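One structure below.
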Amino acid sequence: MSCLPYISLQPNYPDVFGDIASSTVSTEKVWLSAYSANAPSGSIHAKLDLHATPVSDAAEEDAETQGGVRIDSVTGGERDDLRVQRVKGSQLDLLVSSGTAGQQHPDRHDHQRSARVLQPAIALPPTHLRLPKRSIGKVLPASRTGQINQNFTAYPNIEAFDVSATQNGLFVAGGEEGALVVGNLIDSSEMLSVMDSLEDEDKEALQGRHGEEKRIEALASLKIKEREERSRREKKVYLKGHVGDVRSARFFPSGEVVLTTSSDLSTRIFSALDGSNPRTLTGHKRAVLCSGILGRGREILTGGGDGTVRLYDVGEGKQKTMFGVERFSSVNAMVVPLLDAPSAGGQVEAGEAAAAAVPNEFAVGLSSGHAEVMDIRAKKRAGIVGGYAFPPGPPPKASDSWTQEASTGQVLAIDWYRAGGRNLIATGTVKGYVSIYDARMLGSSAETPARVPPKALLASWKRNGSAVNSIKIVEAGSAGGGSVDVLVATADGLPYRARVHLGADRPTASTEDPPEMEIDADPLQQQQQQEEDKTPMWYGHRATVVEEFCGWDCDPTGVITLDHKGRVVIAGSDARIKRY
Numbered sequence: 001m002s003c004l005p006y007i008s009l010q011p012n013y014p015d016v017f018g019d020i021a022s023s024t025v026s027t028e029k030v031w032l033s034a035y036s037a038n039a040p041s042g043s044i045h046a047k048l049d050l051h052a053t054p055v056s057d058a059a060e061e062d063a064e065t066q067g068g069v070r071i072d073s074v075t076g077g078e079r080d081d082l083r084v085q086r087v088k089g090s091q092l093d094l095l096v097s098s099g100t101a102g103q104q105h106p107d108r109h110d111h112q113r114s115a116r117v118l119q120p121a122i123a124l125p126p127t128h129l130r131l132p133k134r135s136i137g138k139v140l141p142a143s144r145t146g147q148i149n150q151n152f153t154a155y156p157n158i159e160a161f162d163v164s165a166t167q168n169g170l171f172v173a174g175g176e177e178g179a180l181v182v183g184n185l186i187d188s189s190e191m192l193s194v195m196d197s198l199e200d201e202d203k204e205a206l207q208g209r210h211g212e213e214k215r216i217e218a219l220a221s222l223k224i225k226e227r228e229e230r231s232r233r234e235k236k237v238y239l240k241g242h243v244g245d246v247r248s249a250r251f252f253p254s255g256e257v258v259l260t261t262s263s264d265l266s267t268r269i270f271s272a273l274d275g276s277n278p279r280t281l282t283g284h285k286r287a288v289l290c291s292g293i294l295g296r297g298r299e300i301l302t303g304g305g306d307g308t309v310r311l312y313d314v315g316e317g318k319q320k321t322m323f324g325v326e327r328f329s330s331v332n333a334m335v336v337p338l339l340d341a342p343s344a345g346g347q348v349e350a351g352e353a354a355a356a357a358v359p360n361e362f363a364v365g366l367s368s369g370h371a372e373v374m375d376i377r378a379k380k381r382a383g384i385v386g387g388y389a390f391p392p393g394p395p396p397k398a399s400d401s402w403t404q405e406a407s408t409g410q411v412l413a414i415d416w417y418r419a420g421g422r423n424l425i426a427t428g429t430v431k432g433y434v435s436i437y438d439a440r441m442l443g444s445s446a447e448t449p450a451r452v453p454p455k456a457l458l459a460s461w462k463r464n465g466s467a468v469n470s471i472k473i474v475e476a477g478s479a480g481g482g483s484v485d486v487l488v489a490t491a492d493g494l495p496y497r498a499r500v501h502l503g504a505d506r507p508t509a510s511t512e513d514p515p516e517m518e519i520d521a522d523p524l525q526q527q528q529q530q531e532e533d534k535t536p537m538w539y540g541h542r543a544t545v546v547e548e549f550c551g552w553d554c555d556p557t558g559v560i561t562l563d564h565k566g567r568v569v570i571a572g573s574d575a576r577i578k579r580y
């Protein structure tokens, strides 16, 4: 039940850095701010003084002077323990922390993150501020209403997005009014050299071993092949057919076929290579909001605003089964678990796992605030967990300064992680709450008091009230120790990576002895107080923010995922994609 801090960096920081590095200016300042919901009066607002510095071989090896720019000082605000360091190997990335308390006294930082205690100051553990390595803009065409004036055109937000798990580098992005396009994330630096694909005879001709005429012919042929390869990488394939907003898009394991859903009540299957649409599936009575692919893709699942999940046979183009969810709530998000979860090294293993076996379960996030697991063969619910009050546990007393939210709100994002003996479900809600559950401990009914945390709940936190639009659990890489990382895309344009430390014992709930009641208290108040006093106190596993993905200028981010090399890719406002 943590309130995690969040950091915002001046959006044009890379431009300022570039101006100093190119000697356009010799010094400039950029701002950096930090906030936390449990420290409303402790916000940090600092200025980083950037100065040009002579570049030498020795200087290039020093992280603090990479690129010919150094941070001369950190000024502003009332904090004197704020540390901002450069990250070796990256000219732009920063490492921000408040002193060394987070490394020397982790228990103190746990207390300072508590949602039950208002803090006078923000505790910042070492947090890596990542800047994008590649940005792609205007991925989607401007809508009919996008032309604001002669000088400005607004491009739609990317609401549906996926990256191929294969090495072809393809992505699919969708937005309003049926906009849907397939492009390529691989840039020129990653392209295989055309020279490497030439036959030995052609290489010899280029070297002039077969005469000048052959050399010129081989050189011309090489230039043509390079141009064709560059054109192929830059080519966009527009997928036409949807007339409503595209609500979800995902690749089949082959990486060459795309499954999409839309508010026009249809589900479509497209070729990512030529844009053809061999299958269109119907049946939902309201917008089709999410989808899932079983195994290699012979069967698919779709969830809609009509409160149903439908199973289709792709080959026959027919609906096989329909599932009704809790209270027929809108199915906002869906996930089909993989046997091997995405790792820090890439998604190829995950794609192969998906192709090798057909899962028997899937999970959905509902507008009622529930997360529900369904058994496909049994055609019934396998587990469910409901929303809860935040922070979980007893309500605040009259003398307390903190508040308790009655419900975490409707679920907008969900993910399922199965690897390393873990079986975890993560949800993100419209109110900004993130919850991590043990999928093996889900109950058969969600009818529990809101203040009593679900038994399956392992960790819970929020940063602010901005909606969580996308969530993904991945391995913690070298951190190990039973930890997992959670990638979160939010509506406030501050996506991040949180690390959940699951190596410790499971959270426990305890009920302390109830306080003595006042003699003159009203009997009804006495009964209510006694019920509240019996609410168990809940302690969750520790979560910390380890990375902030900067560069979105407080604009919404819609989807966060990994590419085939395990790099974070985020799609969001103004039809932009950023890779970190």
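Take the sequence shown: its position 208, counting from 1, is numbered 208 in UniProt numbering, and each next residue is one higher.
In this text, a Cβ means the ideal position worked out from N, Cα and C, and glycines have one as well.
Model, not experiment: these values are computed from the prediction.
Helix, strand or coil for residue i per DSSP?
i	result
Glu176	helix
Tyr539	coil
Ser510	With a pLDDT of 47 at Ser510, under the threshold of 50, the predicted position of this residue should be treated as unreliable, though the coordinate-derived value follows. Ser510: strand per DSSP, three-state reduction.
Ala350	Residue confidence is low: Ala350 scores 49 on pLDDT, short of 50, so the model does not pin down where it sits. Its coordinate-derived value is still stated next. Ala350 falls in the helix class under three-state DSSP.
Arg209	coil
Phe161	strand
Arg298	coil
Glu547	strand
Asp520	Here Asp520 scores only 42 on pLDDT, less than 50, and its place in the model is too uncertain to base an answer on.
Val569	strand
Asp485	strand
Thr65	helix
Lys203	helix
Ser399	coil
Gln104	Unreliable positioning characterises Gln104 in this predicted model, as indicated by a pLDDT of 47, which lies under 50. The coordinate reading is nonetheless provided below. Correct three-state label for Gln104: helix.
Ser435	strand
Leu273	coil
Asn368	With the sequence shown as reference, residue 368 is identified as Ser, and Asn is not the correct amino acid for it. Looking at Ser368 - three-state DSSP - the assignment turns out to be coil, as it is neither helix nor strand.
For a quick check, are the C-beta atoms of residue i and residue j less than 8 Å apart?
i	j	result
Arg327	Asp306	no
Val172	Phe251	yes
Ile471	Ile414	yes
Leu9	Leu198	no
Trp402	Arg116	yes
His541	Leu494	no
Leu294	Val336	yes
Leu32	Leu50	no
Ala498	Val488	yes
Gly572	Asn277	no
Pro396	Met1	no
Asp187	Leu131	no
Ser368	Ala389	no
Arg463	Leu4	yes
Gly175	Leu140	yes
Ala249	Ala363	no
Under the assumption that residue i contacts residue j (Cβ atoms under 8 Å), give the Cβ distance between them as a whole number of angstroms.
i	j	result
His242	Ser262	4 Å
Tyr496	Glu548	5 Å
Gly76	Val55	Not confirmed; about 28 Å, so no contact.
Val182	Val237	4 Å
Gln119	Asn38	5 Å
Gly297	Ala165	13 Å between Cβ atoms; not a contact.
Of the residues the options, which one's Cα is nearest the Cα of residue i?
i	options	result
Val385	Pro395, Glu372 and Leu289	Glu372
Thr535	His501, Ser478 and Arg451	Arg451
Ile376	Leu338, Ser407, Gly409 and Met322	Met322
Leu366	Ala378, Pro392, Met334 and Thr127	Met334
Thr267	Glu405, Leu259 and Glu316	Leu259
Val559	Ala575, Val546, Pro5 and Ser407	Ala575
Pro454	Pro278, Ser43, Trp538 and Ser135	Trp538
Ser73	Gln85, Ala63, Gln66 and Asp62	Gln85
Val500	Gly465, Met441, Ser435 and Asn469	Ser435
His370	Ala398, Leu442 and Asp313	Leu442
Ala459	Ser483, Ser444, Ala467 and Ala46	Ser483
Pro125	Arg70, Ile7, Ala220 and Ser478	Ile7
Ala272	Thr308, Leu311, Gln207 and Asn184	Asn184
Ala456	Thr429, Asn423 and Ile577	Asn423
Tell me the residue span of the beta strand (DSSP E) that contains residue i.
i	result
Ile293	Val288 to Leu294
Ile425	Arg422 to Thr429
Ile186	Per DSSP, Ile186 belongs to no beta strand (DSSP E) and is neither H nor E.
Met1	It is not in any beta strand (DSSP E) - Met1 carries neither H nor E in the DSSP assignment.
Asn332	Val331 to Val335
His128	Thr127 to Arg130
Asp313	Thr308 to Asp313
Could you give the first and the last residue of the continuous alpha helix (DSSP H) run that contains residue i?
i	result
Leu13	Correcting the residue identity first, residue 13 is Tyr in this sequence and not Leu. Taken as a continuous stretch (DSSP letters only), the alpha helix (DSSP H) holding Tyr13 covers Tyr13 to Ala21.
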